[in-house]
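Under the numbering used here, think of the first position of the sequence shown as 4, with each following residue one higher. Glycine included, each C-beta is placed from N, C-alpha and C at the ideal position. See below for the structure under consideration.
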Amino acid sequence: MALSSAFWRLNLLSKPSVSLRALKPFKPKPRPMSSLPISSKLNPSNFSASKNPTSLDPKTRTPYPQHDLIVLGIETSCDDTAAAVVKSNGEILSQVISSQADLLAQYGGVAPKMAEEAHLQVIDRVVQEALNKANLTERDLSAVAVTIVGVRKARKIAGTFSLPIIGVHHMEAHALVARLTEQELQFPFMALLISGGHNVLILARDLGHYVQLGTTIDDAIGEAYDKIAKWLGLDLRRSGGPAIEELAREGDAKSIKFSTPMKQHKDCNFSYAGLKTQVRLAIESKNINATIPVSSATSEDRRSRADIAASFQRVAVLHLEERCERAIEWALKIEPSVKHMVVSGGVASNQYVRAQLDQVVQKNNLQLVCPPPSLCTDNGVMVAWTGIENFCMGRFDPPPPADEPEDIEFDLRPRWPLGEEYTEGRSEARSMRTARIHPSLTSLVQASLQQKL
Ligand code: KG4
Ligand code: ZN
């Protein structure tokens, strides 16, 4: 299907009948300035994307006064349902997260189908709470930004209140939130995005222009943390990562010699499936019984679980360090002016991960930028902020029709790639699971910019 300019931002495509309706020219209703500060300026001609985005400073090139925007972000891609209201000056007006910790504990990780149903149940409540905490109503919003599962709710609000809508790529949001917390962070920068479902290294050349330097050929690091935490009988209520991080502090990280993944592959891709297997074998050889929670284990048993946690963490992070080292070399070849490496996504809230990567980055004369832990794990703020960044460049969709049917179908894209692969980074080891099915966000954005030239 041809990609319409109206839909190129979304990480989903509605079925053709819907996209045709959404393509009608967007003429927002006039509103009093006090209730919707931006309404009088909402004219599509004000929002044409820059013709030459790379040559402009993102802080000044926007066709729009940034301090006026108020965006609701809804984040529902993975294991939590979150919403936030953020101003374009970076002020966070509210932030609400409803955790699916019970589900996680029950299933020992993210269970996509269960997670999706749980999102739908709590999303109305979470959005309302975010608006209440910000002392605002939908009428005060400038736009709604959303990732995959929350799209129905977002379109409902946007349709009812005639608000523009910005479809947000989950991983782009993890990277860009660093520009909210670190005002100095300008393009181009590098980003290592590490979460439960993704493990990517990118070079962010500009907004919507990402080069993928490496990705995982099987599992993401967060998934390995979660699985191993389950096998070690840890408390999964806060997800496996924090549980392993805590237990690892008691262990000897050199006690078990796990081998570092992909040593023979001189690229920036990742693999965690083999390490997971090595750890599982070590757990079996020590006769660790996961049905006995670590809190009830004997001190000897607890010690051996801690040694495994620490040894796993050391090698899992060493793998990140090695790939980052090479990625920095590659990134500097493409963009010698790179100064920062962002590390974000749930796993980036880990203190050991931060400390180790800080060393690598400093050694290469770059600066590490890690959002605070609450903004590394999934949150609504990152979605609202990414919405703001894109909105300022005119990259949004017009309000959906107010009477859009609730049972409308969308073609969701959970593994939609963020950027085009760097040629040197192409891996023959890439499995079919991660093979490209959709064009990347970058290719859609760049195609749209070309059309406007
Ligand atoms: O980005 P995120 O919140 O959700 C996804 O997009 O997947 O990342 C969740 C992942 C989970 O696998 C969780 O175990 C991991 O981040 N995580 C951690 C820590 N906190 C969360 N991993 C290691 N150490 C942590 N402190
Ligand atoms: Zn995430």
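- If the five residues before and after S352 are omitted, its C-beta is found closer than 7 Å to the C-beta atoms of P376, C379, T380, all from its own chain and listed in chain order.
- Under the three-state reduction of DSSP, S274 is assigned to coil, being neither helix nor strand.
- When the Cα atoms are used, I168 and G211 turn out to be separated by approximately 17 Å.
- Using a Cβ distance threshold of 8 Å, H201 and P264 do not count as a contacting pair.
- Relative to the Cα of E424, the nearest Cα in the group A285, I337, R317 belongs to I337.
- Beta-bridge partners assigned by DSSP to Y213: A207.
- Note that the C-beta distance between V345 and A181 is below 8 Å.
- Distances between the C-beta of V129 and the heavy atoms of the ligand KG4 are all 7 Å or more.
- For M385, there is no enclosing beta strand (DSSP E); the residue is found in the alpha helix (DSSP H) stretching over 383–395.
- Just so you know, the alpha carbons of S443 and D304 end up roughly 47 Å apart.
- Judged by DSSP secondary structure, V320 falls outside any beta strand (DSSP E) and instead within the alpha helix (DSSP H) spanning 302–337.
- The Cβ-Cβ distance between A148 and V171 falls below 8 Å.
- If you check the CB distance, G199 and N272 do not come in under 8 Å.
- When C-beta atoms of the region 308–315 are compared with those of the region 280–289, three or more pairs fall below 8 Å, so the two segments count as touching.
- Sequence-distant Cβ neighbours of R155 in its own chain, meaning closer than 6 Å and more than five residues away, do not exist here.
- Excluding the 5 residues flanking it on each side, T445 has same chain C-beta neighbours closer than 6 Å at H212, Y213, G422, E423, in chain order.
- For D406, the three-state secondary structure derived from DSSP is coil.
- Under DSSP, Q370 shares a beta bridge with H343.
- The beta-carbon separation of I126 and T84, rounded to 6 Å, stays under the 8 Å limit for a contact.
- Only residues of its own chain outside the window of five on either side were considered, and among them L371 have a CB closer than 8 Å to the CB of D361, listed in chain order.
- Spatial neighbours of Y275 in its own chain (CB-CB distance under 8 Å, excluding positions within 5 residues in sequence) are listed in chain order as N202, T219, D221, D222, A223, I224, E226, A227, P264, A319, H322.
- As the crow flies, the alpha-carbon of H343 is around 43 Å from that of A300.
- Looking only at A309, V297, Q215, M396, the smallest Cα-Cα distance to L452 is reached by M396.
- The DSSP-derived three-state label of K230 is helix.
- In this structure, the CA atom of K266 is about 12 Å from the CA atom of E324.
- N382 is positioned such that its CB atom lies no closer than 8 Å to that of Q131.
- For V99, the enclosing beta strand (DSSP E) begins and ends at 95–102.
- Relative to the non-hydrogen atoms of the ligand ZN, the Cβ of H177 comes within a distance shorter than 7 Å of at least one.
- Taking a C-beta distance under 8 Å as the contact criterion, R252 and P403 do not qualify as a contact pair.
- Between the alpha carbons of W388 and R142 lies a gap of roughly 19 Å.
- Excluding the 5 residues flanking it on each side, A133 has same chain C-beta neighbours closer than 8 Å at L75, A86, A87, V88, S97, Q98, V99, G383, in chain order.
- With 16 or more other Cβ atoms inside 10 Å of its own Cβ, R308 counts as buried.
- According to the DSSP assignment, I160 belongs to the alpha helix (DSSP H) that extends over 154–163.
- Sixteen is the threshold: since fewer than 16 other Cβ atoms of the shown chains lie within 10 Å of the Cβ of T426, the residue is exposed.
- Inclusion of N353 in the 7 Å shell around the ligand KG4 follows from its C-beta lying nearer than that to a non-hydrogen atom of the ligand.
- DSSP places K279 within a helical segment (H, G or I) once states are collapsed to three.
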